[in-house]
Amino acid sequence: MKKKYSLGLIISLLLVFSTACTSQQSQGNEKKKELTFLSNFPSETLDPHLNFTPVRAGISETLIKVDENQELEPWLAESWESKDNGSTWVMKIKEGIHFQNGKKVDAEAVKDSLQRNIEVSEAMKASLKIKSMEADKQILTIITEKPLPQFPSELVHPNTAIIDSKAENIEEKPVGTGPFKIQSFDANSSLKLQKNSNYWDGNVKLDQVTMMFNEDANARTAALQSGDADISYRPALESMEALKKDPAIKTDFVTSLRDQFLLYNFKNELLQDPNVRKAFDVLLDRNEVAQKTLAGQASPAEGPFVPDSLFSPEYAKKEFSIRSAKSYLSKAGIDMKDGKAFNDGKPLSLKVLTYSYRPELPLMAQLLQANAKELGLDIEIQTAENIDEYMAEKDDWDIATYSMISDPRGDAAYFFNAVYMPGGAMNHSNLQNKELTKAIEKLNETVDKAERAKLAKEASAIIDKETLHSFIVHPKNFVAYKDDVLNWETSKSEYYMITKDLDVKTKNQ
Amino acid sequence: MIVKRISEFILFLLILSAVSFVLIQAAPGDPVRSMMKTDDTAISAEQMDSLRKELGLNDPILLQYGKWLIRFFQLDFGHSYMTKQLVIDELLKTFPATLELTFSSLLVMTVIAVPLGTLAALYKGKWQDHLSRIFALAGAAVPSLWLGLLFIQLFSVKLGIFPSMGKGSISHLILPSLTLGIAMAAVYVRILRSSLLESLSQDFIRSAKARGLSNSRIFIHHTFRHSLTPVITIFGISLGSLLGGTVIIEVLFGYPGAGKLVVDAILKRDYPIIQGYILLMGALVCMINILVDLSYRYINPELRIKEANKR
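Keeping their order, the protein sequence lines are chains A and B. Quick note on full-length UniProt numbering: the first sequence kicks off at 1 and runs consecutively. Quick note on full-length UniProt numbering: the second sequence kicks off at 1 and runs consecutively.
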């Protein structure tokens, strides 16, 4: 009998043990949802007030964000309004948001974060122009040094991210409000993130994300192919066909907010003549640049903003014609003799400045050089190490192939003020067009959104009419990712990458 | 002797700091443009000028250097313009990675160069010698960047053995070390071969043979040791250039070292970082040279005897 009891006991214990084992095993089988994202943007610090990575990685968030149509939408702020002509801004902060360390996000916390922001970042201090701030529960009133109708758009800038400014080690472990918390950070190498289970805006799908940084496009392609990365941001363009053929990889192309354009030096008397600028405007085939130079990964540009932008007017069709170029040069008084162009009796020769950071720009310069040759125009190409410094310090250039983002934050004021206003940091050739300056000044005084869009359109039309610059193409953002990645969206602004919705397929899905 | 060396070292650092400071400031460029993020925010030239004044960048170079020197004597290298962190912290954060990469590459180089160089010398004119010559030629001709990409394709994409980038484990070090080590080994194989051949024809080797010493004993204790003098001289130079010049490999393999830090600093005109880096590297290269000098005395007994006789 004892034996029977003993046997029963042993069997029961074995059953209990095996059940325990099974349950442990099933827990172990619940694989964590992880993903490795490979970024081309270096990250030497994680201080959100100096670097974009915390917003891109879903660590911190700004008061306002832009949607895919570049329209402003609330993020940590519920609403905002200007009480006057744009120098007093009342921001209502959303209720129920907490930092990743559990502290409440109220107007006082936002005020402290913005205060730190303008203390550590000279760029943000200069662009936000904050004079004073007053916090009352969830209401933050900000007064700017001068009317700043584009203030809400400036708050989209990733460097204005709201963090717990009292937390320690902000440069490596900032405490934000985003869906992911920092586990570890190795500057310019990797960033390990873990899910913020108390995220205020819903369930976070991934458990862990590793963000890696590599500035070599070929290495980014190889990492995706080898399985070291699940998403590769801007892999090598040359690898596009191979990646498209790989059934385990998906590719995504989204027209960016960037312009590749010709910048004219207005300090050169010849280029002050609109006919000369128009001659160069028709000398580049925008379709050829988009299809051949950029391997189809760009769309032809008509103006500084993408065609569906609120700030783009109706443009006349852009032409490419050597004959028209000849005619414009003729109107400008350039003589053509024996296949050579002469200005004031001297053979015409121009210097085109370019830089190699964007490899398509030197190719654009070469294309311009080849087409100009047909007009008898001699073009010398010079590659600058830092084109901004070169243009700011020297006047010996005539045309530059240039690239910049025209509408990073849903407002046209940044581009117009930086590039076309006298004294603007990007107005290298001291371009001054009275009609345009007046239009921009009006834009700088207007708060109403619809009116601002209308004024921006008018300013764009003036730029086009006068051919102040020649906009050639809008390149596309190229992202490749494994087919088990879910909900990846290539954002036009390139501000938002790791989101709460980003996910990977499990075996059952 | 030691006091003399230390005073020479300090004088060297002072001269280096003055020359580099003047050169950095005299070179074209403007850190304010990067600090103000002019490609991203609507900044006016007036605002940029105000920051330039605030940073003292409009002051005469000598005045700027004087201010820097006072801080330097207080062991304050300043703050990075871009990250706002202490320069010394930034350098110390990245330097261990460069050091790791440097030593692992030297290890790879030694493992390849010593046997190949020795075989080439011992079997002069035979297939072993030809093989080492082909390796040396190929190693010198292939650019490191291309070799690195080739290794990534083979070992990461095709075979999936090693990670293609990143830092963390020993496996992350293998591909960058192989890339750097192979390129260096190509040079050392030939240097070691010629040095060994020269040593083999020396009188003391003949007399060792006459004394009836075994070939292996002669080779290890006499020939090889004597051949190391020119190799160590080049080794000292390589160590210095490796510590400062692994940037391409650091970028390709996403390995965050001091080379990458300084190239970024140069591009953004982050003067305090550039100045701090030059001083750190200068001090290191100087120390390496002292060590190389000292090693000669150990390797070559002739030098020790000569010095003793002088005394």
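For every residue, glycine included, the Cβ atom is placed at its ideal position computed from N, Cα and C. None of these values were measured; they are calculated from a predicted model.
With a cut-off of 8 Å on the beta carbons, I'd call residue i and residue j a contact; round off their distance for me.
i: alanine 258/B; j: threonine 110/B; result: Not confirmed; about 23 Å, so no contact.
i: phenylalanine 180/A; j: alanine 57/A; result: 6 Å
i: leucine 13/B; j: alanine 265/B; result: Wrong, their Cβ atoms sit about 20 Å apart, outside the cutoff.
i: lysine 131/A; j: glutamate 145/A; result: 5 Å
i: proline 304/A; j: serine 406/A; result: 4 Å
i: alanine 341/A; j: methionine 35/B; result: 43 Å between Cβ atoms; not a contact.
i: leucine 431/A; j: lysine 442/A; result: Leucine 431/A to lysine 442/A, Cβ: 18 Å. No contact.
On the DSSP bridge assignment, give the partners of residue i in chain order.
i: valine 504/A; result: Val485/A
i: tyrosine 402/A; result: Phe261/A
i: phenylalanine 471/A; result: Phe261/A
i: serine 44/B; result: Gly424/A
i: threonine 490/A; result: In DSSP, threonine 490/A forms no bridge with anything.
i: serine 132/A; result: Ile143/A
i: phenylalanine 180/A; result: Lys195/A
i: threonine 337/A; result: The identity of residue 337/A in the sequence shown is lysine, whereas the question assumes threonine. DSSP lists Lys340/A as partners of lysine 337/A.
i: asparagine 309/B; result: In DSSP, asparagine 309/B forms no bridge with anything.
i: histidine 79/B; result: Leu86/B
i: serine 132/B; result: Paired residues: none, contrary to the question.
i: alanine 223/A; result: Beta-bridge pairing links alanine 223/A to no other residue.
i: lysine 346/A; result: Asn343/A
i: aspartate 186/A; result: Ser190/A
i: alanine 480/A; result: Ser232/A and Thr251/A
i: arginine 104/A; result: In the sequence as presented, arginine is not what sits at residue 104/A; that position holds lysine. Note: lysine 104/A sits in a beta bridge opposite His98/A.
Run down chain A in chain order and give the residues with a C-beta less than 9 Å from the C-beta of residue i.
i: threonine 83/B; result: Glu44, Thr45, Asp47, Leu50, Asn51, Glu171 and Ala187
i: threonine 98/B; result: By Cβ distance, chain A contributes nothing, its closest Cβ being about 12 Å from threonine 98/B, past 9 Å.
i: proline 163/B; result: Ala223, Ser226 and Asp228
i: aspartate 264/B; result: Pro42, Glu44 and Asn188
For the alpha helix (DSSP H) that contains residue i, what are its first and last residues?
i: lysine 209/B; result: 203-210
i: tryptophan 146/B; result: 144-151
i: glutamate 34/A; result: From DSSP, glutamate 34/A is part of no alpha helix (DSSP H) but of the beta strand (DSSP E) over 34-39.
i: isoleucine 387/A; result: 387-393
i: valine 22/B; result: 2-26
i: serine 324/A; result: 322-331
i: phenylalanine 72/B; result: 61-73
i: lysine 317/A; result: Neither: lysine 317/A is in no alpha helix (DSSP H) and is coded neither H nor E.
i: lysine 113/A; result: Correcting the residue identity first, residue 113/A is serine in this sequence and not lysine. Serine 113/A -> alpha helix (DSSP H) spans 107-120.
i: leucine 279/B; result: 271-299
i: glycine 259/B; result: 258-267
i: threonine 437/A; result: 434-443
For the beta strand (DSSP E) that residue i lies in, which residues bound it at each end?
i: lysine 352/A; result: The amino acid occupying residue 352/A in the given sequence is valine; lysine does not appear at that position. Looking at the DSSP string, the run of the beta strand (DSSP E) that includes valine 352/A is 349-354.
i: asparagine 343/A; result: 340-343
i: methionine 211/A; result: 208-213
i: proline 176/B; result: That residue, proline 176/B, is in no beta strand (DSSP E); its alpha helix (DSSP H) goes 170-200.
i: threonine 160/A; result: No beta strand (DSSP E) holds threonine 160/A; DSSP gives it neither H nor E.
i: glutamate 380/A; result: 378-383
i: lysine 173/A; result: Per DSSP, lysine 173/A belongs to no beta strand (DSSP E) and is neither H nor E.
What residues from chain A crowd round residue i, counting only those whose CB sits closer than 7 Å?
i: proline 256/B; result: Asp186, Ala187, Asn188 and Ser189
i: valine 157/B; result: Ala222, Gln225 and Ser226
i: isoleucine 152/B; result: Ala219 and Ala222
i: glutamine 47/B; result: Ala126
i: leucine 75/B; result: In chain order: nothing, as chain A lies at least about 21 Å away.
i: valine 251/B; result: Glu215 and Asp216
What residues of chain B sit near residue i, judged by a beta carbon separation below 7 Å?
i: glutamate 393/A; result: Pro28
i: alanine 400/A; result: Simply none; closest approach about 14 Å.
i: glutamate 122/A; result: Met35, Met36 and Leu51
i: phenylalanine 213/A; result: Gly254
i: glycine 423/A; result: Ser44, Ala45 and Glu46
Does any heavy atom of the ligand GTP sit closer than 6 Å to the C-beta of residue i?
i: alanine 109/A; result: This structure simply doesn't include the ligand GTP, nor any ligand for that matter.
Using a Cβ cut-off of 8 Å, pull out every chain B residue sitting near residue i, in sequence order please.
i: alanine 413/A; result: Ala42
i: glycine 202/A; result: In chain order: nothing, as chain B lies at least about 30 Å away.
i: asparagine 117/A; result: Per Cβ cutoff of 8 Å: no residues; asparagine 117/A is ~12 Å from chain B at best.
Who are the neighbours of residue i on chain A, taking C-beta pairs under 8 Å?
i: glutamate 8/B; result: What glutamate 8/B touches in chain A: nothing, since even the nearest Cβ is about 35 Å away.
i: residue 318/B; result: No information on residue 318/B is available, as it lies outside the stretch 1 to 311 that chain B covers here.
Residues of chain D with a CB under 8 Å from the CB of residue i: which are they?
i: aspartate 388/A; result: Reference to chain D is not applicable here, since the protein chains of this structure are A and B.
Which chain B residues sit within Cβ distance under 9 Å of residue i?
i: methionine 426/A; result: Thr38, Asp39, Ala42 and Ile43
i: alanine 439/A; result: Neighbours of alanine 439/A on chain B: none; closest Cβ ~16 Å, over 9 Å.
Within the segment 51-96 of chain A, ranges of the alpha helix (DSSP H) (whole runs, at least 4 residues): Complete alpha helix (DSSP H) runs here, min 4: 53-56.
Runs of 3 residues minimum, wholly inside the segment 228-299 of chain A: which ones carry the beta strand (DSSP E) assignment? Within the segment 228-299 of chain A, the complete beta strand (DSSP E) runs of at least 3 residues are 231-233, 249-255 and 258-264.
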